[in-house]
Amino acid sequence: MSNYNVLIFEPKIAENYKLEEMLWKASLFTQNYSSIQTILLNDIIDYDNRKRLKDWIEIFESNCIDHFLNFESEYSLQYVITEKNFSSYSLDLYACDIKAAYNKIEISNDYILLILSVLSISKNQSYNPILLQKRIANALEIISFSEPGASNLVIISHLHTLNRLVDVCIDYEVDVKCTIEVRA
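So the number in my numbering is just where the residue sits in the sequence shown, counting from 1, plus 1.
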């Protein structure tokens, strides 16, 4: 049985990653109800919708918003907010945790050198996702001028998949790690 190589692109997650630093994204469900509180919460969500859990709790407390935790799972929370007129609605929080999803691209040995070459990058490095996105756009443009062979179609597909991973890394503000793994 022989070994083979796989090129892997994935988010570079810090070793000292702390759950309390995880960001949570909110969705407000008011069922066509509107009040000063709902306008305030909608404005907060529209302005900056990714906050640490303790920041969301601080918003509730600093604005005297009556709330209780109605549902909790590892990656989602639901708070019910009750107003003085007994109206209630929910604010759902979803974890913006890059570890919560499978964000890894594996490229077979046959295409490793082609991908590295067309992107002008090196293995075992980390890359700023915005700069890598520019390299992907350039690579796609270069390939568009070449003959549409089978290997070019595979490379184009890999580049589009990598571009989606880069978008995720931009959202989470992490670099893209590029490594080669030897498998048996």
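All C-beta atoms, glycine included, are put in the ideal place defined by N, C-alpha and C.
Keep in mind it's a predicted model, so treat the numbers as computed, not measured.
Next item on the list: Compute the Euclidean distance between the alpha carbons of D111 and L117, then round it to the nearest angstrom.
Entry: Cα atoms of D111 and L117: separation of roughly 12 Å, rounded to the nearest angstrom.
Item checked: Alpha carbon of V183 to alpha carbon of N6, nearest angstrom -> Pairing V183 with N6, the inter-Cα distance amounts to about 5 Å.
Notebook entry, point to check: Is it buried or exposed for Q32, if we count other Cβ within 10 angstroms and need 16 for buried?
Noted result: Under this definition Q32 is an exposed residue.
Notebook entry, point to check: Cα separation between D44 and E21?
Noted result: Their Cα atoms are separated by approximately 24 Å.
Margin query: Which complete alpha helix (DSSP H) runs does the region 14–58 hold, if anything under 4 residues is left out?
Written below: Runs found: 37–48.
Notebook entry, point to check: Which residues bound the alpha helix (DSSP H) around A185?
Noted result: Where A185 is concerned, there is no enclosing alpha helix (DSSP H), because DSSP gives it neither an H nor an E.
Notebook entry, point to check: Shortest alpha-carbon distance to L70 belongs to which of L54, S63 and N64?
Noted result: When only C-alpha atoms are compared, the closest one is L54.
Item checked: R136 beta carbon near the ligand SAM (any heavy atom closer than 8 Å) -> With respect to the ligand SAM, the structure offers nothing, as it holds no ligand at all.
Checklist line | Stretch-stretch touch, CB-based, cutoff 8 Å, three pairs: the region 81–93 with the region 147–167 | finding: Touching, no.
Next item on the list: Quick one: give me the first and last residue of the alpha helix (DSSP H) that P130 is part of.
Entry: Bounds of the alpha helix (DSSP H) holding P130 are P130 to S145.
Next item on the list: Compute the distance between the beta-carbons of Y34 and C97, then report whether it is under 9 Å.
Entry: Not in contact: Y34 and C97 (Cβ atoms no closer than 9 Å).
Next item on the list: For I108, I'd like the list of residues in its chain whose CB is within less than 8 Å of its CB, leaving aside the five on either flank, ordered along the chain.
Entry: Cβ neighbours of I108 beyond the five flanking positions: V7, L8, I9, F10, I116 and H159.
Check: Going by the CB atoms, is the gap between V155 and L166 shorter than 9 Å?
Finding: Against a cut-off of 9 Å, the Cβ pair of V155 and L166 comes out as no contact.
Notebook entry, point to check: Excluding sequence positions up to five away, which residues of its chain have a Cβ less than 6 Å from the Cβ of T39?
Noted result: Hits under 6 Å: T31.
Notebook entry, point to check: Under a Cβ-count criterion, where at least 16 other Cβ atoms within 10 Å of its own Cβ denotes burial, should K105 be classed as buried or exposed?
Noted result: When all chains shown are included, K105 counts as exposed.
Check: Beta carbon of I144, beta carbon of V119: below 9 Å?
Finding: Yes; because the gap between Cβ atoms is below 9 Å, this pair is in contact.
Checklist line | I1 classed as buried or exposed, judged by whether at least 16 other C-beta atoms fall within 10 angstroms | finding: Limits of the chain in this structure are 2 at one end and 185 at the other, which puts residue 1 out of reach.
Next item on the list: Using only alpha-carbon positions, find the residue among F87, Y90, E59 and S121 that is nearest to A138.
Entry: Comparing Cα-Cα distances from A138 to each of F87, Y90, E59 and S121, the minimum goes to S121.
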